[in-house]
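*Asks:* My questions all concern the structure below.
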Amino acid sequence: MAYTVILLLTRKPHLTPSEFKSYFENQHLPLVKSLFGPLCPVPKRRFYLARTDDNTATNNSTNNVPPLYTPWLLKGDPASVDFDCITELEWPDEETFKLFQGKLKQRENMERVARDHEEFMGEERILMIGEVEGGLPAGWD
1 MAYTVILLLT RKPHLTPSEF KSYFENQHLP LVKSLFGPLC PVPKRRFYLA RTDDNTATNN
61 STNNVPPLYT PWLLKGDPAS VDFDCITELE WPDEETFKLF QGKLKQRENM ERVARDHEEF
121 MGEERILMIG EVEGGLPAGW D
């Protein structure tokens with residue numbers, strides 16, 4: 001059964017959302033694939049937040065929304081959204097995930113990944129999901 005991890009990624013403040021996305025897709029993901037080969041997770045889905053792309057958003061002192069790239073929300077406070085991408089990674093099973101983690105913990109690999117993160121990424125949060133059920137839940141057919 002598939003083993004899934006969800007990452008919430010934040011771009012460095014000096015990058016635009018499109019620069020962040022381009023670096024992640026064209027530099028970081030190929031690096032990870034080259035380092036981990038068959039143990040590399042499959043980046044199943046990547047959800048990039050829709051954000052303003054102009055100077056019309058202004059800094060409001062009551063909610064500290066930055067003047068550029070404010071997230072588009074249907075409801076809620078944009079200041080509460082402090083990430084730029086939700087990424088779903090998948091391994092075929094938990095054993096492969098553990099082998100990946102072991103290889104990631106090797107000093108050379110950790111240093112290369114950390115150096116790359118410094119280029120484009122701010123805070124990273126990891127949500128461990130574990131095994132994922134497939135198919136529709138009961139009553140959804």
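For the sequence shown, full-length UniProt numbering assigns the number 141 to the last residue and increments by one with no breaks. Even for Gly, the Cβ is constructed at its ideal location relative to N, Cα and C.
How would you call aspartate 93, buried or exposed, if buried means at least 16 neighbouring beta carbons within 10 angstroms?
*Replies:* Aspartate 93 is exposed by the Cβ-count criterion.
*Asks:* Hey, glutamate 90 and valine 32 are a contact pair by Cβ (cut 8 Å); roughly how many whole angstroms apart?
*Replies:* At roughly 14 Å, the Cβ-Cβ gap does not stay under 8 Å, so glutamate 90 and valine 32 are not in contact.
*Asks:* Who are the Cβ neighbours of leucine 99 in its own chain at under 7 Å, not counting the five residues just before and after it?
*Replies:* Closer than 7 Å at Cβ, skipping near neighbours: Leu39.
*Asks:* Helix, strand or coil for threonine 87? Go by DSSP, reduced to three states.
*Replies:* Of the three classes helix, strand and coil, the one that applies to threonine 87 here is strand, per DSSP.
*Asks:* CB-CB under 6 Å to leucine 35, same chain, minus the five flanking residues each way: which ones, in chain order?
*Replies:* Asn109.
*Asks:* So, is serine 18 buried or exposed, given that buried needs 16 or more other C-beta atoms within 10 angstroms?
*Replies:* By the 10 Å Cβ count, serine 18 comes out exposed.
*Asks:* Determine the contact status of aspartate 82 and arginine 51, defining contact as a CB-CB distance below 9 Å.
*Replies:* No, the pair does not count as a contact, with Cβ atoms beyond the cut-off.
*Asks:* Give me, in chain order, the residues of the same chain whose beta-carbon lies closer than 7 Å to that of phenylalanine 20; leave out the 5 immediate sequence neighbours on both sides.
*Replies:* So the list reads Arg11, Asp84 and Phe120, once near-sequence residues are dropped.
*Asks:* Assuming contact is defined by CB atoms lying nearer than 9 Å, are leucine 15 and glutamate 124 in contact in what I supplied?
*Replies:* It is not a contact, given that the beta carbons lie outside the stated cut-off.
*Asks:* Is the separation between the beta-carbon of threonine 87 and that of tyrosine 3 shorter than 9 Å?
*Replies:* Not in contact: threonine 87 and tyrosine 3 (Cβ atoms no closer than 9 Å).
*Asks:* Below 6 Å CB to CB, which residues in the same chain sit around phenylalanine 47 once its five sequence neighbours on both sides are set aside?
*Replies:* Ile86.
*Asks:* The alpha helix (DSSP H) that contains phenylalanine 20, what's its start and end?
*Replies:* 17-23 is the span of the alpha helix (DSSP H), which, as asked, contains phenylalanine 20.
*Asks:* With a threshold of 16 other CB atoms inside 10 Å of the CB of leucine 73, please say whether the residue is buried or exposed.
*Replies:* When all chains shown are included, leucine 73 counts as exposed.
*Asks:* Go ahead and pull the three-state DSSP assignment for valine 81.
*Replies:* Looking at valine 81 - three-state DSSP - the assignment turns out to be coil, as it is neither helix nor strand.
*Asks:* Taking the alpha carbon of aspartate 116 as the point to measure from, which residue in Val5, Met1, Pro13 and Phe24 has its own alpha carbon closest?
*Replies:* Among Val5, Met1, Pro13 and Phe24, the Cα nearest to that of aspartate 116 is on Phe24.
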